[in-house]
Structures are given as structure tokens and as C-alpha cells.
Amino acid sequence: MNALEHATNILIVDDDEISLDLLRHALEAQNFCVWSASNGAEALGALEAENINLVVTDWEMPVLDGLEFCREVRRRQSDHYVYVILLTSHGARDEIVEGMAAGADDFIVKPFNPPELLARIQAGRRVLALETRDLVIFALARLAESRDTDTGLHLERVRMYARRLAEELAASSAFTDEIDAEFIRLVYQTCPLHDIGKVGVPDAVLLKPGKLTDEEFEIMKRHTIIGAETLDAALNQFPNARFLQVARDIAIGHHERWNGRGYPYGIAGNQIPLAARIVAVADVYDALTTSRVYKDAMPHDQARAMIVAAFQRCCPEFVRISQRYANENEPAACGV
56 MNALEHATNI
66 LIVDDDEISL
76 DLLRHALEAQ
86 NFCVWSASNG
96 AEALGALEAE
106 NINLVVTDWE
116 MPVLDGLEFC
126 REVRRRQSDH
136 YVYVILLTSH
146 GARDEIVEGM
156 AAGADDFIVK
166 PFNPPELLAR
176 IQAGRRVLAL
186 ETRDLVIFAL
196 ARLAESRDTD
206 TGLHLERVRM
216 YARRLAEELA
226 ASSAFTDEID
236 AEFIRLVYQT
246 CPLHDIGKVG
256 VPDAVLLKPG
266 KLTDEEFEIM
276 KRHTIIGAET
286 LDAALNQFPN
296 ARFLQVARDI
306 AIGHHERWNG
316 RGYPYGIAGN
326 QIPLAARIVA
336 VADVYDALTT
346 SRVYKDAMPH
356 DQARAMIVAA
366 FQRCCPEFVR
376 ISQRYANENE
386 PAACGV
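Using my numbering, the first residue of the sequence shown is number 56, and each one after it goes up by one.
Structure below.
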């Protein structure tokens, strides 16, 4: 199936009717839903009235030109990202920088070449797909978190800690073959799903303010399996989606420990996926430094000593790196 066959709502903006017709013909031939406007002001109105996520706009237009249109789009709040491709006869580097600074995502020099236009639109659709994926991931994660109001900004903090740690580990020769920029990005994106399985834990257990009984703890431990099974169902539909595999690894493994004393399966050492080991440490650190109804937040210095031990349990090679990480890891340093 042609990758362009799935409909995308595209707004084309140009004060020249011939240019509009050429754009419309090229896009409708690929099954896109196309709206048109003759200047930036009309285009802003179309964005408010229609569900449009991609715009191809000329630079030089009356009333409101393409540059000011880009600035206004970025100034306005929206529930979704609008990807903007600027059509221009300006090809100088300074002008491209000016357009990007105004908020354009990509450029095409006029007169446009249809295959190039379609290729750049497809690149834009990949960016929009990533945004949609991130929104779905966070929405699912918040579904689990919403039942436990004490967690606060837990998801945001843990993903920030996990990314910071993954970046530190990437600089170590011990992890050169395992951690690259894509791995770090996937850990950051999928980390919020680590406790998605809590949607299957009864409120009486999940929201209990005191210590769990042994029986209740066994029920709580099931959240790792429930989360993995949920993501397995998605993987059955999209078996090549690496982000789902990473999310699944984290969900099932973030309570396992290097010495084999974790859960749900008691696996040990390198049997535990690296992404799960990283998120485990971030999760432990946040749990230590966050107040709950049944405990006060632990001071950073005390948590620092305990997180080093947590690194040791997760993987011996983490110890040296964790010392530097913990020394720097005041909450403000991570932007939370």
C-alpha cells in the first residue's frame, strides 16, 4: 500500500490561483483532503474551523505573509501540532534560517517539484505520527496514574531521570553497543507506561494508605504482568513497532533486580532488559524523594546513598556512573 494513501488534512495557502491549482492537483492525486486559502489571515481562520495538521504556504502574500503566518501559528495554543512547509523563491541560507526561526518546519523552493513536495509532506507526516504516538502513550499512562492521586508529577519526573541516566550510560564503553540516540528517545517516550498495568489492580490494594499484606502485595505485583499483556496485544497488531517492544520490556521488568530477588519472574543479571533496569532506578529514586500519605520525602543526600545501592542491585557497571549522576541529580537539575 502506498504510504500516502491514508488521508491527511492539508491546507494550501497562496495568493496565486495557478499555484493553488497545481498544489491541489498534486495532493488530491494522492488522496489528501485539501483546503485552500489566499493569504495567511484566511489560513488562520481555516485552522480554527477545520481539523488541519499540515500546511503548505507561500512566503510572499498580501494581508498576512507566510512568515507572519508561521509566527502566529506558533503563538497560538492548539491541541495538536501544525506542521508548516514554506513555499518560497528565496533559497539563501539567511532566509531559510529566518523562516525556521519564524516557525516553519520545512522549505520547498518554487517552482515546486511534485515528487519533492510529496516526499517532504511524507516527512512531515512522520513527525506528526510521532506526536500522536507520544500523546497516546501519555494518555494511557495517565489513565493508570489518575487512580492514584498521590503520584503527582511522577510520570514526568521518572522519564526525565531515566533519560538523564541513559545519556550517562551511553558515554560508558560498557554500553556502547546497547545505547544509542534512538534507544534513549524510546526510553524517554515509553517510560510513562511502566505502571500501565495498575489499571488492573483493585482500588482497595492500589489506594491503600498503609503497608500491604503479603496477599495484597501479590496482587500488586500483578501490575507488571497486566501491563506486559496489554502491550503484547498491541504488539500482535504492530509486531515491528520497536517503541511497543521497549514499553513492554519496561512494564514487565522494572521491578526485577540484578540479584534475582525482584518480580514478577525473579530473573537476574543481563536477563533483565536494559531499558527496564534504567527505569527501575529512576522509579526507585522518585519513590524515595516524593512524599506520600504514609511517608515523608527523603532528603536528597540520603536518597543519593540509597540510589547508589539501587544501581548496584540493577547492574554493577551502574555504580561508577550513578555516583556522578546522583551527585548532580538535584530535582532542579532535571527540570522537574
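Where is the CB? At the ideal position from N, CA and C, for every residue including glycine.
Every value quoted in this text rests on a predicted model; they were computed, and no experiment measured them.
- Residue range 88-92 is occupied by the beta strand (DSSP E) that includes SER91.
- Judged by DSSP in its simplified three-state form, ASN295 adopts coil rather than helix or strand.
- Positions of the alpha helix (DSSP H) runs, each at least 4 residues long and wholly inside the region 227-309, are given as 236-245, 258-261, 269-292, 297-308 in order along the chain.
- Nearest C-alpha to GLY321 among ASP70, GLY95, THR279: THR279.
- Between the C-alpha atoms of PRO319 and LEU119 there is a straight-line separation of about 60 Å.
- Residue range 329-344 is occupied by the alpha helix (DSSP H) that includes VAL334.
- Bridge pairing for THR63: absent [DSSP].
- Burial of THR245 is indicated by the presence of at least 16 other C-beta atoms within 10 angstroms of its C-beta.
- With a cutoff of 8 Å on beta-carbon distance, ILE176 and LEU78 are scored as not near each other.
- Every beta strand (DSSP E) of 3 residues or more that sits fully in the region 110-171 is shown, in chain order, as 138-143, 161-164.
- PRO169 and LEU102 have their C-alpha atoms some 24 Å from each other.
- By the C-beta density criterion, ILE67 is buried, having at least 16 other C-beta atoms within 10 angstroms.
- DSSP lists ALA92, THR112 as the bridge partner or partners of VAL68.
- The region 351-360 makes no contact with the region 223-236, as fewer than three CB pairs between them are under 8 Å.
- DSSP places ARG212 in the uninterrupted alpha helix (DSSP H) bounded by 209-225.
- Between SER144 and VAL128, the gap from beta carbon to beta carbon reaches 8 Å or more.
- Taken through DSSP and simplified to helix, strand or coil, ASP76 comes out as helix.
- Within the same chain, and ignoring the five residues on either side of LEU299 in sequence, the residues whose Cβ sits closer than 7 Å to its Cβ are LEU286, ALA289, LEU290, PHE293.
- DSSP places GLU105 in the coil class of the three-state scheme, outside both helix and strand.
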